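Written below as structure tokens is the structure these notes are about.
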């Protein structure tokens, strides 16, 4: 990831990123059915660090398992790098929690950029008040031991029907979360930044009364020049 | 639609309208599983203008299709009449967007009364800040080309398991959206207005401590007279 | 329920209660897929009083059935004891309402502690403004007669895949609702109160930068003493 | 039920019965999503005797509960009258069994007319070889104690989204199961028998090459007379 | 469709056709979740002729609507060309039937090549004994009027999440149904025929003990020559 | 696994095994929603060898990937030990295939004991005619590349909501598939064998007219002795 890429990704939307990915034939990079616990936070941007859950077998998931310092859930929370996003494969099952307020607090304090599960968080009202972006399907109070056993760290996983490889760049906004393949992150960030300038122009024109026909996409002959002047004036 | 009908429908709830429809044997007129992006807006009222999506075939849905000014999605946005509600049949599939912020802005500027999809909108945080009522299942960042192809304009459709005929009167409030068959709109609006006066009375009585038994429905002998006096005093 | 139990349950989270229940082998006590209409209210605490719906048969569920003062829905609303929580088995079907604003207002005025359905409420924007905690799956404007017939009062039921026996202690917070078997309520309340003190301590330590390893659970030798001093200082 | 009604219902289809019910405004009497374990058996006909399951609480559903001779599941199996159909409300949850081969064998030996669950049976390959009609959603090996607790006998219930009152007449064929309100059984049986004669005539005409237009329904002037002659010749 | 194409498509599998379509970027052409009523019939092959259902509004779908000879359901059955496949968009809703035995018999007699719905058929045991291939989700006894209103004939539709345009070539086997865009049918049929010869060879080799590595796909140097000799010997 | 264990497991049902597991607190060992392609085959018994799929990313899953001899799907098929059962985690997604007829044939020839996916197989009619037990959710013609990427071999996985560890003993019958933790296999096999003898006795008694009360479970005083004599006579 180029130094500018993170900065750029903080300022574009997941919708714009999805379009840039779609142009490259990637149609499944938006994590289905997750939402931000606090939609007022800035964008979440960082490379994926993953945690995989399997269904819990009762004899292996008593409350005592967490006394093991090497338990994968606790290990993932302590080892997820600062600046990364912890992405959890909970098999889209929100009947028990993927993690709770204390672990998410620890991630925040450690400088982790955000956390995503396709299941649910417990202590969700507390997490919603933290300064770390967190995304889930719905609140879920039962301890993860009820249904989930952490089994794999930093493997390729699925999250919300999206493929996630460690190091992929994960971006979240108030709408949801998109996963950008690592090798495309710089070019997608640059392209989305350009697209955003044009979309802001279009939005302004539309609010001023112009039709979308010929403007979006810009097939009318006058749009390119008008946009160039608008852009220059706006200093973007 | 009589001149008064729109005014009346701005002041009643979808719940009351559903009851009036139920009395006429219509049980499926509430669009299932959609919610307002901005629940603080006034009611949405207008005749239905419809757009039907079919599943997208990849070779027909490249990014270039929107350069066609006659593309049904864009055409629907430019031709939906002022005062109407654009109702989109997205087959209840929110894995890709039905439309985004720019198109919804254009609808707003054109004076369209609202927009409903049984799928999802992209740019949903932006749409939530617009002054046009919009209803969907959940946010969805991927472009509609990913899964949806606009194929039919102003046909009878289904939306959230509800039958929608062009010209049916669509009403939305903070709870959801109901579809009133066109020929019933005036009488339903009038009846719901009367029902609302009585429900407001009942609600006030209940908050003052009266039992619902005998009051709602008003089987006790004293209710009719007491309500008449309350109504007169309230000038309704 | 001991006099202190209600007070204790007002001050603990459903997440903590789920863990205490999990330790006793109870894994299905969190009502799946319900949320508070007003998440800003204090906890909901009270013994369960139940209402069971079956699918509505059309000839038995005309609008006139509510003129019967003994109709189970109305009867339940009038007879649910003050301080209790009305728990409704709607078969997880939110396509029609379980109840509406007037009935929930009546419950509030009667001193009922809260109301839960695994279906949906109508008049949900109104209910969200009442001072009584209410939990449901999603808003649903159609009258309950459309799909639900009230058939049993204060029977053992299921609600959101959770077993609910009359008299079980129901606790709701901003995350959701948990059902505590009656005979365990006092010990669970006491244990959860103790757990909450420790979790508050842990949360404070984590925000101050301490790792969760060795702290949560407290396997490091120094934690017990440090916690005891913290607790004494905090007067808890 | 008149003496002839059972005989008539043995010879008509659930499809024809659904149409007769539809004509009376009853649209939800076909049990959704159940199929016969042995589709080669004759029709199942009998009055409903019901069993209701609630979600199992672990401390109440150890393997020892069946040593209680009054356990509702065992009691229902021993008390369901000969000639009746045992209809089980399993909340459409087939993750654990509703009953198994031994209990269904006992029902058969006792002369019970059939058994229906909207969940699943265990020992389903064995049950499929018995001479008693049985209908379920899908096979399910786990004991019912895993998820289901039998709690109510011969109450009104829901089964596959259909209302079932004790004494309603239950009819199953190779397609599925329909529930006829008790008071309508005789007239529905008679009407369906007449409809079946006409449908057999129509089917024969259609296979011989006649269009359905004007024939089904019989709006062409010649159909009534031709059918009357066909019927007389067929001795029906 | 070239004269040979139908013959070729009678002899290949839907699995092979899906692979040929996948190579061209078409990933959604297999109709999801339908199965043959009689899996022993030969392949179904023919151009699509479509029928679209919308949700039924009660006042428009009384039993008398079929007295109208122009009712779209009946019209579609009488006008679907011989050799074509009638494909029905039932919105994947099998709670009521898409059609029944008499209409499917009429289609058969008229020489229609097959019928597909993403809902369910009624009289399914009868249809399973007819010589016309029919595919659905599951049996469904209630008349289509209960939930479906036929509204559009030979429009582009969705069926089981697959886009279907009139004239697309529809192929069914014992596994399911695939939709081939019309302009690709000849080349896909030819390619799939070639693929089938090779797959038959591979299958024979595998059953004789050869590893799939190097054989399937044929990256080992010896495979091409060996296959050529096998093919010559087999006369294919 | 003791030498006798496989033999014992060939002769007991998944239902009986589920009960033995339930007695040990294991409630999630029955793979949900899979069925045998050929229910007439003998039991499937063997240690689990696993394959994990993640969602497919389009740029990594072109048709050419199978030219790589190390592709995990092909590698798993060539390396799964004789006598083992290949268990595939397809995330319960049957919209594309997990494997097809050629690979399953290869598994059979290699002596693999069976194959299970919680997705679907393609070429399912062919697989149903093979002598190897195979279990899936439903037929699915699209190549696995459409939605699945094989990513992990012989890791702990989930399959149909069941935890599966490599080496767990997998047993399938005509009802479905159960997973026995490796360390319990011998004792569960022995216990289930004993249970089966008693259940056969009970079934015979029930068919002869005896009530289940007191017999199943055997709380009546006479059962033990009678069963002992029956068993001796039967030589079991």
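Residue numbers (my numbering), protein chains in the order written: chain Z, 773 to 1008; chain V, 773 to 1008; chain P, 773 to 1008; chain L, 773 to 1008; chain A, 773 to 1008; chain G, 773 to 1008.
Here a beta-carbon is modelled for each residue, glycine too, at the ideal position from N, C-alpha and C.
Note that the coordinates shown come from a computational prediction; the quantities given were computed from them, not determined experimentally.
- Contact check between the segment 872-889 of chain P and the segment 904-914 of chain P: three or more CB pairs, one atom from each, fall below 8 angstroms, which counts as touching.
- When the alpha-carbon of residue 904 of chain L is set against those of L:814, L:932 and L:1008, the nearest one is in L:814.
- Among the CB atoms of chain G, one or more fall inside 8 angstroms of the CB of residue 947 of chain A.
- Counting along the chain, residue 1003 of chain V sits inside the alpha helix (DSSP H) bounded by residues 995-1006.
- In this structure, residue 944 of chain Z lies away from residue 773 of chain Z, with their beta-carbon atoms at least 8 angstroms apart.
- For residue 786 of chain A, the chain G residues whose C-beta falls within less than 7 angstroms of its own C-beta are 913, listed in chain order.
- For residue 897 of chain A, the enclosing alpha helix (DSSP H) covers residues 896-899.
- Collapsing the DSSP output to three states places residue 880 of chain A in a helix.
- In terms of Cα proximity to residue 1004 of chain G, the closest of G:970, G:829, G:949 and G:986 is G:970.
- Between residue 809 of chain G and residue 863 of chain V, the alpha-carbon positions lie close to 32 angstroms from each other.
- DSSP places residue 946 of chain G outside both helix and strand once states are collapsed to three, so it counts as coil.
- Against chain V, a Cβ distance below 8 angstroms from residue 930 of chain A picks out 826, 827 and 863.
- Taking 8 angstroms as the cut-off, the beta carbon of residue 909 of chain V is found no closer than this to the beta carbon of residue 848 of chain V.
- The DSSP-derived three-state label of residue 812 of chain V is coil.
- Fewer than three pairs of CB atoms, one per stretch, sit closer than 8 angstroms, so the segment 875-889 of chain V makes no contact with the segment 788-795 of chain V.
- The CB of residue 847 of chain V never comes closer than 8 angstroms to any CB in chain P; the least such distance is about 32 angstroms.
- The straight-line gap separating the alpha-carbon atoms of residue 980 of chain V and residue 819 of chain P is approximately 25 angstroms.
- Against chain Z, the CB of residue 776 of chain V has no partner CB under 8 angstroms away; the residue lies outside that interface.
- Counting the other Cβ atoms within 10 Å of the Cβ of residue 823 of chain L gives 16 or more, which makes it buried.
- Residues of the segment 790-815 of chain L with a C-beta less than 9 angstroms from any C-beta of chain P: 796, 797, 798, 799, 800 and 801, listed in chain order.
- Beta-bridge partners assigned by DSSP to residue 823 of chain V: V:860 and V:925.
- Ranking L:821, L:1008, L:988 and L:993 by CA distance to the CA of residue 836 of chain A puts L:988 first.
- Burial state of residue 917 of chain P is buried, judged by a 10 Å Cβ sphere holding 16 or more other Cβ atoms.
- Going by DSSP, residue 791 of chain A is part of the alpha helix (DSSP H) stretching over 786-795.
- Near chain L, meaning a CB-to-CB distance below 8 angstroms, the residues of the segment 886-897 of chain A are 894, 895, 896 and 897.
- Residue pairing by DSSP leaves residue 852 of chain L without any beta bridge partner.
- For residue 873 of chain V, the secondary structure class from DSSP, reduced to helix, strand or coil, is helix.
- Here residue 947 of chain G is buried. Its C-beta has 16 or more other C-beta atoms within 10 Å.
- DSSP places residue 807 of chain L within a strand segment (E or B) once states are collapsed to three.
- Residues of the segment 951-984 of chain A whose Cβ lies closer than 9 angstroms to any Cβ of chain G, in chain order: 971, 974, 975, 978, 979, 980, 981, 982, 983 and 984.
- Within the segment 935-983 of chain P, the complete alpha helix (DSSP H) runs of at least 4 residues fall at 957-979.
- By the Cβ criterion, the segment 955-962 of chain G is not in contact with the segment 887-895 of chain G, since fewer than three pairs of Cβ atoms, one from each stretch, lie closer than 8 angstroms.
- Contact between residue 877 of chain Z and residue 804 of chain P is ruled out by a C-beta separation of about 26 angstroms, above the 8 angstroms threshold.
- Spanning the alpha carbons of residue 829 of chain P and residue 1008 of chain P requires a straight line of approximately 56 angstroms.
- Nearest to residue 955 of chain P by C-alpha distance, out of P:940, P:1001 and P:927, is P:940.
- Comparing alpha carbon positions, the residue from P:897, P:784 and P:992 closest to residue 841 of chain Z is P:992.
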